[in-house]
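First to last, the protein sequences are chains P, D and C.
Quick note: the first sequence, position 67, residue 67 per our numbering, numbers continuous.
Each number in our numbering comes from the position in the second sequence (counting from 1) with 1000 added on.
Each number in our numbering comes from the position in the third sequence (counting from 1) with 2000 added on.
Ideal placement from N, C-alpha and C gives every residue a C-beta, glycine not left out.
Keep in mind that this is a model prediction, so the values were computed, not measured.
Following: one structure in structure tokens, then a few remarks.
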Amino acid sequence: MINKEEIQNQMIQAVETVRQTNPMAGSITNTVTINFVANAQLAVGGSAAMVYLPDEGEFLAKAGGATYLNVGTLLPIYEQTLPHIVKVLHNTGKPWVLDPVAVGIGSLRTQLLQQFKDYKPCVIRGNASEIIALAGLWGLEGGTDLSNVRGVDSMDSVITAKTAAVALTKWTGGAVAVSGKTDLITDGSVIVFSHGGSHYMEKITGSGCSLGAVVAVYATAASPFIAALTATAVYNLAGKRAENKVDGPGSFQIQFLDELHKATAVDIANNPFEIEEV
Amino acid sequence: MINKEEIQNQMIQAVETVRQTNPMAGSITNTVTINFVANAQLAVGGSAAMVYLPDEGEFLAKAGGATYLNVGTLLPIYEQTLPHIVKVLHNTGKPWVLDPVAVGIGSLRTQLLQQFKDYKPCVIRGNASEIIALAGLWGLEGGTDLSNVRGVDSMDSVITAKTAAVALTKWTGGAVAVSGKTDLITDGSVIVFSHGGSHYMEKITGSGCSLGAVVAVYATAASPFIAALTATAVYNLAGKRAENKVDGPGSFQIQFLDELHKATAVDIANNPFEIEEV
Amino acid sequence: MINKEEIQNQMIQAVETVRQTNPMAGSITNTVTINFVANAQLAVGGSAAMVYLPDEGEFLAKAGGATYLNVGTLLPIYEQTLPHIVKVLHNTGKPWVLDPVAVGIGSLRTQLLQQFKDYKPCVIRGNASEIIALAGLWGLEGGTDLSNVRGVDSMDSVITAKTAAVALTKWTGGAVAVSGKTDLITDGSVIVFSHGGSHYMEKITGSGCSLGAVVAVYATAASPFIAALTATAVYNLAGKRAENKVDGPGSFQIQFLDELHKATAVDIANNPFEIEEV
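If you want it as structure tokens, here you go:
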């Protein structure tokens, strides 16, 4: 099993490479949190770009080091854009991060998420309910037909998604990050529990989306597993630090962006986590 | 006539129920202020979800305790989504809040707002010009053909919309909230004037939209009239408190979200208001 | 050549007229920064409104004193809306500002930007790469086929866009603003270099877009050249002041809006700049 120090060294490497190279990770994402997503990507040292049209999505997929796809607020054009972009990503071997927001709502969302199965995202990030429902949609172990998704909120705790998360990594060959009070990240061989964060994260919109987009930034410079863990760690660190300085959710989101920007590579790698074998 | 203490007790009840139950109030709303709308709903203790497609709108309408419909930035798909969702809301008896932003601009906006007449929103929130123009569009007393709407700004003062507001409540059986320096809320039998707020509210985008969405949050737990009044009161309270702590519109919007989150039920109920019979 | 004092007097006039008249400058703009764009327009004393549909765009074009068109995140409807709105603007002689974001990406973007050539925006604002690429697309001097556009970021320095910027003004009869570390503004007869700003401007999304939209606000009350220079000056001033008060990009964007709001006309006119003949 990979040891903690080796993981931390790779995390430091990922953070520093991103800060030195300002890599672009394009997104197709929802209109609710699109601004926060872009600002979070910039705060950690990446570059952001968002589009809607199929050929523009293809351009971003090819030009970027990784891509973030979030199905939050589907528009009709997504029916053409998303299948096209995942094919381009798959054919070019570029990493991409899937955020299966509100899986189970609506026919287009279901159809798109089913199509994505064959194009294997390098990282899947969601709350426990979404991870379980996606595994169910893809016919994998730990999944269920009975989605507990309520809009964008999770009704399940992180640990209940463990089997589904591992099954998804076995299928994709990548990593899964399950967001919750304690976050679970797995590559199918080890499971990491990452600690920190803030109760304010549920009181602002976009902490989940922007985390997925920051995973994509790190995926330009690290393995899927290290990218998912590094993004989760900087979120837990910045969330905890920001909470200590504010007394409301408005101030929290601003302070959180500041802390994302200020966190050092070493502090990110030292944010508390535990490893166990699957 | 309902007395002040009874109103205040119901306001306290609404605030506390929302904080305890975290009710979901889905929205179809404009892209300009969609993030602020979601964050305001979360700040008062609600849960937010936004979509564009017809079947997803139907899901949210059924899953949520109330729904917020804002016609600010219409997209072509709205022609299908909005009529579908108001039928679902009407058939299921679910409360919904209408924000007739910029009524009078464009043919689709006019067509949709005309269609809404038969589906009777439980609360209509707008500035004076919008309330007068909507009453005119619906052929009700106090309305006028000569819209004074200039983009999203009001050219009329709140009191000029009194007759139109009352006429709208007579038609819908619900409540109307007219936003201005002093806010007017009526259920057709009493009129309340709610005081407070801040001059900065006109210097940030989204104070009106997010107020409508917060009305929807309270409409999951209270009558249309109490929902409209409670949302207006917490806005006036938070606006006043925020203004005292900042010296610019950027800081104001952040502090305002903090104050929405921190306001107690009793403070909200005690925010100054006067009642008169219609 | 126009002297510095005359320029400064016109800048003061522009700032004061806007603050006294609260002019509306409508926008068709991208979903990433649309909220920040609106808030920046409000912070300097203007009024904002955004739409997507052709007839609504026509309404805004006619009702507003100037219009801001940003091709950042194209939706399918833009194929109808943007050509329609530029014709209306041209026929009514209303000023409009073009932000050719990411010129070179995708076929619709290229097609629209080519069509715009005949409708002559009064101000074009972009980074150096975008200005050079637009001049190339329009077959003007200083332009190039080899776009150095990488998503929304510039790979070129401001001075490399000087010939292209001047060529664009010769064609449009208006002004061009090239954003960079030092900003270049030209009307084809003089070139102004405006100083200030902050390194944080590249660490938040929307500093460029919102600058273009603020140019449109000032274009309701001043010549294209003065509008472009005044907007650039208040951005450089507010950026510098904000940087001194914060230690991260989240706080910067908030403080920046405050400083836009607080800057006096005289301070804006006195923000350092140099003039040279073309």
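Within chain E, the residues that P/V32 reaches when beta carbons sit closer than 7 angstroms: Of the protein chains in this structure, namely P, D and C, none is chain E.
Going by DSSP, what residues sit across from D/L1184 in a beta bridge? In DSSP, D/L1184 forms a bridge with D/V1178 and D/F1193.
Residue-level contact to chain D via CB, C/G2257, 8 angstroms cutoff: The residue you asked about is not Gly; residue 2257 of chain C is Leu in the sequence shown. At least one CB of chain D lies nearer than 8 angstroms to the CB of C/L2257.
Do P/I28 and P/V51 have their C-beta atoms within less than 8 angstroms of each other? With a cutoff of 8 angstroms on beta-carbon distance, P/I28 and P/V51 are scored as near each other.
Verify the CB distance criterion: does C/E2056 have a CB-CB separation below 8 angstroms to chain D? Taking Cβ atoms only, chain D reaches closer than 8 angstroms to C/E2056, which makes this a yes.
Taking only beta-carbon atoms, is C/H2090 less than 8 angstroms away from chain D? No, C/H2090 lies away from the interface with chain D (no Cβ there is under 8 angstroms from its Cβ).
Any beta carbon from chain D within less than 8 angstroms of P/I105's own beta carbon? Closer than 8 angstroms to some Cβ of chain D, the Cβ of P/I105 qualifies, so yes.
Less than 8 angstroms between CB atoms is the rule here; does P/L42 satisfy it with respect to chain C? Chain C, which has a Cβ nearer than 8 angstroms to the Cβ of P/L42, makes this yes.
Sub-8 angstroms separation of C/L2108 and C/L2069 beta-carbons: It is not a contact, given that the beta carbons lie outside the stated cut-off.
Just grab the DSSP bridge partners of D/E1079 for me. Paired residue(s): none; D/E1079 is not in a bridge.
Is D/E1056 helix, strand or coil by DSSP? Note: D/E1056 maps to helix in three-state DSSP.
Residue nearest to P/N3 in terms of C-alpha spacing, selected from P/A213, P/V192 and P/M201: Closest by alpha carbon: P/V192.
Using a cut-off of 7 angstroms between C-beta atoms, extract the partners of C/L2053 located in chain D. What C/L2053 touches in chain D: L1074, G1106 and L1108.
P/I268 CB to nearest chain C CB: under 8 angstroms? Closer than 8 angstroms: no.
Indicate the three-state DSSP secondary structure (helix, strand or coil) for C/T2067 in the structure shown. Three-state DSSP puts C/T2067 in a strand.
Can you tell which of D/A1025, D/E1202, D/G1239 and D/Q1020 has its C-alpha closest to the C-alpha of D/A1216? The shortest Cα separation from D/A1216 among D/A1025, D/E1202, D/G1239 and D/Q1020 belongs to D/A1025.
Where P/K181 meets chain C, residues with beta-carbon distance less than 9 angstroms: For P/K181, no chain C residue has a C-beta closer than 9 angstroms to its own C-beta; the minimum C-beta separation is roughly 24 angstroms.
Is there a C-beta anywhere in chain D that falls below 8 angstroms from the one on P/S251? At a cut-off of 8 angstroms between beta-carbon atoms, P/S251 makes contact with chain D.
Looking at the unbroken alpha helix (DSSP H) that takes in C/M2011, where does it start and where does it end? Per DSSP, C/M2011 belongs to the alpha helix (DSSP H) from K2004 to T2021.
Is there at least one Cβ from chain C nearer than 8 angstroms to P/H261's Cβ? The Cβ of P/H261 sits closer than 8 angstroms to at least one Cβ of chain C.
Under 8 angstroms, do P/I105 and D/F1059 count as touching if we go by C-beta distance? Less than 8 angstroms divides the Cβ of P/I105 from the Cβ of D/F1059.
With burial defined as no fewer than 16 other Cβ atoms inside 10 Å of the residue's Cβ, what is the status of P/D247: buried or exposed? P/D247 is classed as exposed because its beta carbon has fewer than 16 other beta carbons within 10 Å across all chains shown.
Pairs of beta-carbons, one from the stretch 230–237 of chain P and one from the stretch 1029–1043 of chain D, closer than 8 angstroms: are there three or more? Too few Cβ pairs lie closer than 8 angstroms, so no.
Find the residues of chain D that neighbour C/I2012, judging by a C-beta separation of less than 8 angstroms, and give them in chain order. Contact of C/I2012 with chain D by beta-carbon distance below 8 angstroms is absent, the smallest such distance being about 21 angstroms.
Looking at the structure shown, is P/W96 part of a helix, part of a strand, or coil, going by DSSP? Looking at P/W96 - three-state DSSP - the assignment turns out to be strand.
For my contact list, P/A164 and P/A135 are in at a C-beta cut-off of 8 angstroms; report their separation, rounded to the angstrom. Rounded, the Cβ-Cβ distance is 4 angstroms, consistent with contact.
To which residues of the same chain is C/G2174 closer than 6 angstroms at the C-beta, ignoring the five residues directly before and after it? Closer than 6 angstroms at the Cβ level, and outside the excluded window around C/G2174, lie C2122, V2123 and P2224.
Can you list the residues of chain P that C/K2203 reaches, using a CB-CB cut of under 8 angstroms? Within chain P, the residues L42, A43 and H261 have their CB atoms less than 8 angstroms from the CB of C/K2203, given in chain order.
Any Cβ of chain C within less than 8 angstroms of the Cβ of P/I85? No - not a single Cβ of chain C is within 8 angstroms of the one on P/I85.
Assign P/G139 to one of two classes, buried (16 or more other C-beta atoms within 10 Å of its C-beta) or exposed (fewer than that). Exposed, because fewer than 16 other Cβ atoms sit within 10 Å of the Cβ of P/G139.
Rounded separation between D/H1090 and D/W1096 - CA only: Those two C-alpha atoms are separated by around 9 angstroms.
With a cut-off of 8 angstroms, does the C-beta of D/D1247 fall near any C-beta of chain C? Chain C places a beta carbon closer than 8 angstroms to that of D/D1247, counting this residue as a contact.
Identify, in the order they occur along the chain, each residue of the same chain with its Cβ nearer than 8 angstroms to the Cβ of C/N2022, setting aside the five sequence neighbours on each side. Excluding sequence neighbours, C/N2022 sits near G2045, G2046 and S2047.
Is the shortest distance between the beta-carbon of D/F1059 and the beta-carbons of chain P less than 8 angstroms? D/F1059 counts as touching chain P.
Does the Cβ-Cβ distance between C/G2180 and C/S2157 come in under 8 angstroms? Contact: yes.
Please go through the same chain and pick out, in chain order, the residues whose beta-carbon is closer than 8 angstroms to the beta-carbon of P/A221, but skip the five residues on each side of it. Take P/A221, set aside five residues on each side of it, and the residues of its chain with a beta-carbon closer than 8 angstroms to its own are Q13, A14, T17, V18, T21, P23, G65 and A227, in chain order.
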